[in-house]
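When the count follows the working numbering, it moves up by one through the sequence shown with no breaks and lands on 1025 for the last residue. The beta-carbon is built from N, C-alpha and C at its ideal position, and this holds for glycine as well. Remember, predicted model here, so these are calculated numbers, not experimental data.
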Amino acid sequence: MTSKTNVQVKNPTQLETFLNLIKIFRRIDSEFPIQYMLCLVEIAKTEGISLTELAERTQMSLSTVSRVVGALSNYRSNNQPYKLVSMKVSKTERRRKELSLTPKGQKLIKELIAVLDNPL
């Protein structure tokens, strides 16, 4: 049984596009957390971003961002790692870890952008 909502949607295509973006993440993991999405997009926006900068931009704690980046890269406790992000030590500042997308992460971001560029 379907019910009607009181929300007036001016452009239902936008909602369909939004749902398609979510479906892309769900193909990776049916429970892909929103915090992971947020960090991944910020890393895509600023290749070489540091953990500290990422924490500031996402308004998450450094420990949370560190855990999220671990899961997005090569470490994820009890599950397969996503391998969407890589982390390397800065050449100019040894304490700084720089984040970037792996080829798999770049492919995912390109897929998301394609959905946004070509809505239904």
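- When DSSP states are grouped into helix, strand and coil, S968 belongs to the helix group.
- Look at the beta carbons and you see the region 948-960 touching the region 998-1012: at least three pairs across the two are nearer than 8 Å.
- For E961, the closest C-alpha among the options S978, L943, L977 and G975 is that of L943.
- Secondary structure note for E947: its alpha helix (DSSP H) is the uninterrupted segment I939 to K950.
- Out of L1013, V1020, T963 and K1009, the CA that lies nearest to the CA of I939 is found in T963.
- Looking at M965, T918 and S966, the one whose alpha-carbon comes closest to that of P1024 is T918.
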